[in-house]
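Chains as they are written, first to last, in this note's numbering: chain Y, 9 to 260; chain U, 9 to 260; chain W, 9 to 260; chain V, 9 to 260.
Step one of this worksheet: look at the structure below.
Protein chains: 4
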Amino acid sequence: MNDQGCGSSAKRRARRKQARPQELVSAAVDLFVARGYSATRLEDVASAAGVSKGTVYLYFASKEELFKAVVQQSLLPALAEGEAFIDAFEGTTEALLRQILMRWWELVGDSPSSGLIKLLIAESGNFPDLARYYNVEVIERCDRLIARILARGVAQGEFREADVDLTTLALTAPMLFQMMWKHSFGPCANKVLEPKAFLTHVVALLLHGLLRNPATGTVLPVLPPFTAQRWETVTVFGDGQKVVEGMDKVTA
Amino acid sequence: MNDQGCGSSAKRRARRKQARPQELVSAAVDLFVARGYSATRLEDVASAAGVSKGTVYLYFASKEELFKAVVQQSLLPALAEGEAFIDAFEGTTEALLRQILMRWWELVGDSPSSGLIKLLIAESGNFPDLARYYNVEVIERCDRLIARILARGVAQGEFREADVDLTTLALTAPMLFQMMWKHSFGPCANKVLEPKAFLTHVVALLLHGLLRNPATGTVLPVLPPFTAQRWETVTVFGDGQKVVEGMDKVTA
Amino acid sequence: MNDQGCGSSAKRRARRKQARPQELVSAAVDLFVARGYSATRLEDVASAAGVSKGTVYLYFASKEELFKAVVQQSLLPALAEGEAFIDAFEGTTEALLRQILMRWWELVGDSPSSGLIKLLIAESGNFPDLARYYNVEVIERCDRLIARILARGVAQGEFREADVDLTTLALTAPMLFQMMWKHSFGPCANKVLEPKAFLTHVVALLLHGLLRNPATGTVLPVLPPFTAQRWETVTVFGDGQKVVEGMDKVTA
Amino acid sequence: MNDQGCGSSAKRRARRKQARPQELVSAAVDLFVARGYSATRLEDVASAAGVSKGTVYLYFASKEELFKAVVQQSLLPALAEGEAFIDAFEGTTEALLRQILMRWWELVGDSPSSGLIKLLIAESGNFPDLARYYNVEVIERCDRLIARILARGVAQGEFREADVDLTTLALTAPMLFQMMWKHSFGPCANKVLEPKAFLTHVVALLLHGLLRNPATGTVLPVLPPFTAQRWETVTVFGDGQKVVEGMDKVTA
DNA sequence: CATGAATGAGACTTCATTCAT
DNA sequence: TATGAATGAAGTCTCATTCAT
Chain Y
9 MNDQGCGSSA
19 KRRARRKQAR
29 PQELVSAAVD
39 LFVARGYSAT
49 RLEDVASAAG
59 VSKGTVYLYF
69 ASKEELFKAV
79 VQQSLLPALA
89 EGEAFIDAFE
99 GTTEALLRQI
109 LMRWWELVGD
119 SPSSGLIKLL
129 IAESGNFPDL
139 ARYYNVEVIE
149 RCDRLIARIL
159 ARGVAQGEFR
169 EADVDLTTLA
179 LTAPMLFQMM
189 WKHSFGPCAN
199 KVLEPKAFLT
209 HVVALLLHGL
219 LRNPATGTVL
229 PVLPPFTAQR
239 WETVTVFGDG
249 QKVVEGMDKV
259 TA
Chain U
9 MNDQGCGSSA
19 KRRARRKQAR
29 PQELVSAAVD
39 LFVARGYSAT
49 RLEDVASAAG
59 VSKGTVYLYF
69 ASKEELFKAV
79 VQQSLLPALA
89 EGEAFIDAFE
99 GTTEALLRQI
109 LMRWWELVGD
119 SPSSGLIKLL
129 IAESGNFPDL
139 ARYYNVEVIE
149 RCDRLIARIL
159 ARGVAQGEFR
169 EADVDLTTLA
179 LTAPMLFQMM
189 WKHSFGPCAN
199 KVLEPKAFLT
209 HVVALLLHGL
219 LRNPATGTVL
229 PVLPPFTAQR
239 WETVTVFGDG
249 QKVVEGMDKV
259 TA
Chain W
9 MNDQGCGSSA
19 KRRARRKQAR
29 PQELVSAAVD
39 LFVARGYSAT
49 RLEDVASAAG
59 VSKGTVYLYF
69 ASKEELFKAV
79 VQQSLLPALA
89 EGEAFIDAFE
99 GTTEALLRQI
109 LMRWWELVGD
119 SPSSGLIKLL
129 IAESGNFPDL
139 ARYYNVEVIE
149 RCDRLIARIL
159 ARGVAQGEFR
169 EADVDLTTLA
179 LTAPMLFQMM
189 WKHSFGPCAN
199 KVLEPKAFLT
209 HVVALLLHGL
219 LRNPATGTVL
229 PVLPPFTAQR
239 WETVTVFGDG
249 QKVVEGMDKV
259 TA
Chain V
9 MNDQGCGSSA
19 KRRARRKQAR
29 PQELVSAAVD
39 LFVARGYSAT
49 RLEDVASAAG
59 VSKGTVYLYF
69 ASKEELFKAV
79 VQQSLLPALA
89 EGEAFIDAFE
99 GTTEALLRQI
109 LMRWWELVGD
119 SPSSGLIKLL
129 IAESGNFPDL
139 ARYYNVEVIE
149 RCDRLIARIL
159 ARGVAQGEFR
169 EADVDLTTLA
179 LTAPMLFQMM
189 WKHSFGPCAN
199 KVLEPKAFLT
209 HVVALLLHGL
219 LRNPATGTVL
229 PVLPPFTAQR
239 WETVTVFGDG
249 QKVVEGMDKV
259 TA
């Protein structure tokens, strides 16, 4: 009993040391997002993480390095999952798109680290290498993710062909907008913006301009008629509320 | 005798004095946009405007006041023009929408002051009253502008009815995206984004989801306000195929 | 009377601004010498110069730059004078040597800035470029000065020939020693070292080993016999004390 | 049972413990000499000695104490040897002097710890008690060593009498110079200074000004303690030529 | 009106020192 | 004994702001 003190406590401390960078990054995310890079004092980060000023420098060489770590740490989880999600998905591409946006919002958009994009946009001019890194590792990869979905829709005959890059951006824009809004004007706006409702609406708007029109083969205009088959969607919410969607009808 | 030794003509100085605030604001816009609020030194603003450091304080009580002046000065011109533009326009609403977006990009998006929105988003947390002001004076007014266009489309029988707020935002998002992009990742991205091509594409995508299709009468679903936490959607196709979507499951 | 305020005060301030670097360097010399580079706080330099912390940075980009300025400013005056002194001197080389060492001590050794050599020796490892600069601009030039004197002595038949570099250093060493001593152990030693007495003694010791011995032409050994002519020196001090020196006698 | 789990044999550890201070001091000497007191981080000393930061404090109460230990440990060996060397020596005093300087350079000057004198001179102002200690224990003792040699030379009829303190310093100065040079400008100088050649040269120069010349009986002037401020020297040569020297004038 | 020298609060960063393990 | 994570005082440097001229 008095024997074990020799090793276990060292372990606990080691575990602490291993956890520290993560704790500091977590604390830093919130402050960086809330106040911006310059206005965030390292001392505040430290005390938010429950340590003293000097401790930050045991794990990060400088404020800039901490910032980079914050950015690079908030990338990969959601992307990797998203890519796997696409490959495994078996429903319609419309459903896939809707699912993936919802999921993305839950994982990224609604997470505290979503404000990072705001931060990075604001500071991209002051951290060009970081911006370049983020652009390659996140943005372009994210674009490719979306592009794959669009390609899937075209391959399955659901979507008509359209400029991939532009259409991808048309989907990226509302997501970005959402995050920006959440971390800027949202909190002080009169109307509240319900994220998932907005994303659903956007998808609906976009898709009905994207769905292939087999009859005319037109590239741009005329609404996709959906004559190939009839469909009807019933959405049931947790509180029992039902929404029925389908050709020609919308019933709440 | 005690008058002439020290200065020049009072008139020239008066004219100068009147122009000064404008010159300072102009210089400040560029620097604030390029570097952010904190990283912009007042001395740089002064020398960019061709005056000395102390002179800034003759016209603005503090850095914060200068920043507010910068923001408030870069708002109104385009909005007023936009409102007049709508009233005078006589073509289809689709054409109106496309034209107004193009014009907006020329006037605002492509102007050096477009970066202000980026700045404001970044600093909204540190300047809550400024954010509130901007939200009311610019954002909501801009939203109303878009909403008027949508209403015009509906009134003229071109557009079907849809949630006004959400649809407005769906139009606002790409414009915002464009500005963000231009002042952040754009300069370091591999692909160049052609602004007007993008806006055209977005309008095309959105409009053809908005235009009433006389043949089928299909109507986009208007989802209820998204307050419920759990939800589940079952889509039944004409051939009996079912797709169930929900917060945590996807079943084909 | 109320008229002159327009220009003269500006001049006074300008004169102040011009004088500041010099004032700061002066204050810095004393502190650097007394405490060393690291132990000298810039704030102390500032208050010693009667200004505030920030003012130092109006004139020197960093502590290191201030240090370099201090070093580079305490070089040239004495050297230039020394070189002119040699050319103009018309007495014996022995007298020249004695004079120049005395003068050097008055100008450099005894000045507050003499401690700089101590400082530079201590910090040469941390400021290699500064050491190189000082070595070329001061030390080598100083060596050349001494070498010229030795050459003069040889040319005039007073000194025998000897290795120039080594002999030069043999003269440099006591001067250096003196400065080191003054700024290190001197203040806490039991015996006081009278600088001029020491230098006089050293010159006497060295010269009588340097004077050419016409009779033997020996390069190294045997004392110069001074048989060519008899001589006698009477030194009268300010307090009336007399010392008579000459061949065979020493009388106080 | 509760004894064995944590550590190794007590003997080995004890031996280790005994060696530790020495190892730390050795590591510290090099770093202190190379970087100076302030610029040497205790952590670097620790890792140079192969231990962790905290271990230093098991043997030395503070950085200052470590420094003192470093200084006090690098003194005595050579001095004791030197004293024994004198007593046992049987040749001429000139030979003794030359040999002892050579030996001293081998033992002290050329050892890594020779840089300590540089260090101490630099830091004497910050460590007055250390300087006093060093002055008494090393410098004065060293001076006495030299003085004994001079006395030996006089007693054996080799040297004429001269001011002991000043002559001692005249021998100390080149040794000190050598050490300073080695640890400061030497590494960045263009000419290399061959230590032993220099010492040999210095001894030759000095001795031949010290050796009694039986033929002429010339005696070097022994100046009185240099307390008077003003002085004037008139040298009259056998041929009637006069040279007047003084504090501010040189007249031939 | 305009200047720009001066200020000093405040941020980043270092490192001697402590102490739980 | 030994470790090394943690601390926090202290120093360098920046820059918004003031004010004498």
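Glycine included, every Cβ here is placed at the ideal spot set by N, Cα and C.
None of the values given here were measured: they were computed from a predicted structure.
field: Cutoff 6 Å; reference GLN26(Y); Cβ partners in own chain excluding five residues on either side
entry: none
query: In angstroms, rounded to a whole number, what distance separates the CA positions of PHE135(Y) and TYR65(W)?
result: 26 Å
Neighbour list for GLY90(Y) in chain U, Cβ cutoff strictly below 7 Å: Neighbours of GLY90(Y) on chain U: none; closest Cβ ~14 Å, over 7 Å.
message: Measuring only the C-alpha atoms, how far is THR208(U) from TRP113(U)?
response: The alpha-carbon of THR208(U) is positioned some 11 Å away from that of TRP113(U).
Reduced DSSP secondary structure (H/G/I, E/B, other) of MET187(W): helix
C-alpha distance - GLU148(U) paired with VAL200(U), whole-angstrom precision: 31 Å
query: Is the Cβ of SER132(W) closer than 7 Å to any Cβ of chain V?
result: yes
- prompt: What residues from chain V crowd round VAL210(W), counting only those whose CB sits closer than 7 Å?
  reply: ALA178
task: State buried or exposed for GLN30(V), treating a residue as buried only when at least 16 other CB atoms are found within 10 Å of its CB.
output: Counting the other Cβ atoms within 10 Å of the Cβ of GLN30(V) gives fewer than 16, which makes it exposed.
task: Determine the direct distance from the alpha carbon of TYR67(W) to that of THR226(W), and round the result to whole angstroms.
output: Caution is warranted here: a pLDDT of 30 is assigned to THR226(W), below 50, making its placement in the model unreliable, and no coordinate value can be reported.
query: Nearest chain V C-beta to ARG152(W) closer than 7 Å, yes or no?
result: no
- prompt: When DSSP labels each residue in this structure, what does PHE135(U) get in the three-state scheme?
  reply: coil
query: What does ASP171(V) reach in chain W if we use C-beta pairs closer than 8 Å?
result: HIS209
task: Return the residue from the list ASP118(W), THR101(W), LYS190(W) that minimises the CA-CA distance to VAL162(W).
output: With distances taken between Cα atoms, VAL162(W) lies closest to THR101(W).
- prompt: Does the Cβ of ALA181(V) have 16 or more other Cβ atoms within 10 Å, making it buried, or fewer, making it exposed?
  reply: buried
field: Proximity winner among ALA57(U), ASP137(U), ALA69(U), ILE94(U), relative to ARG160(U) (alpha-carbon distances)
entry: Distance check between ARG160(U) and each of ALA57(U), ASP137(U), ALA69(U), ILE94(U) places ILE94(U) closest, using alpha-carbon atoms only.
message: Using 8 Å for Cβ pairs, my map puts LEU268(V) next to VAL146(V). What's the rounded Cβ distance?
response: In this structure chain V extends from 9 to 260, so residue 268(V) is not present and cannot be described.
- prompt: Are there three or more Cβ pairs, one per stretch, closer than 8 Å when the region 118-135 of chain Y is compared with the region 35-46 of chain Y?
  reply: A contact exists between the region 118-135 of chain Y and the region 35-46 of chain Y.
field: Residues of the region 105-135 of chain V with Cβ closer than 8 Å to any Cβ of chain W, in chain order
entry: LYS126, LEU127, LEU128, ILE129, ALA130, GLU131, SER132, GLY133, ASN134
query: Can you name the residues of chain Y whose CB is closer than 8 Å to the CB of ILE157(U)?
result: Identification of chain Y residues near ILE157(U) by a Cβ-Cβ cut-off of 8 Å yields none; the smallest Cβ-Cβ distance measures about 15 Å.
query: Listing by chain order, which chain W residues have their CB less than 9 Å from the CB of PRO182(V)?
result: LEU177, ALA178, ALA181, PRO182, PHE185
- request: Quick one: grab the DSSP three-state call for PHE167(U).
  value: DSSP places PHE167(U) in strand when its eight states are reduced to three.
message: Rounding to the nearest angstrom, what Cα-Cα distance links LYS61(W) and ASP52(W) in this structure?
response: 8 Å
query: Since VAL78(V) is in the alpha helix (DSSP H), which residue starts that stretch and which ends it?
result: Membership of VAL78(V) in the alpha helix (DSSP H) is indicated by the continuous run 71-81.
- request: Note down, one range per segment and in chain order, each beta strand (DSSP E) of at least 3 residues found wholly within the region 110-159 of chain Y.
  value: none
Contact under 7 Å by Cβ, LEU50(Y) with LYS71(Y): yes
query: By how many angstroms is the C-alpha of GLU166(U) removed from the C-alpha of PHE97(U)?
result: 15 Å
- prompt: Listing by chain order, which chain U residues have their CB less than 8 Å from the CB of PHE75(Y)?
  reply: None at all; the shortest Cβ gap to chain U is about 13 Å.
task: With 7 Å as the threshold, decide whether the Cβ of ARG140(U) is near any Cβ in chain Y.
output: It does: the Cβ of ARG140(U) has a partner Cβ on chain Y nearer than 7 Å.
message: Please list, in chain order, the chain W residues whose beta carbon lies closer than 8 Å to that of LYS199(V).
response: The contacting residues are ASP173.
task: Go ahead and pull the three-state DSSP assignment for GLY161(Y).
output: Helix.
Spatial neighbours of THR175(U) in its chain, beta-carbon cut-off 7 Å, leaving aside the 5 residues before and after: LEU158
query: Considering only the beta carbon of each residue, do GLY133(U) and ALA42(Y) sit closer than 7 Å?
result: yes
message: If distances are taken between C-alpha atoms only, which option among LEU179(Y), ASP173(Y), LEU213(Y) comes closest to ARG168(U)?
response: LEU213(Y)
query: Per DSSP, what kind of secondary structure is GLY62(V) in: helix, strand or coil?
result: helix
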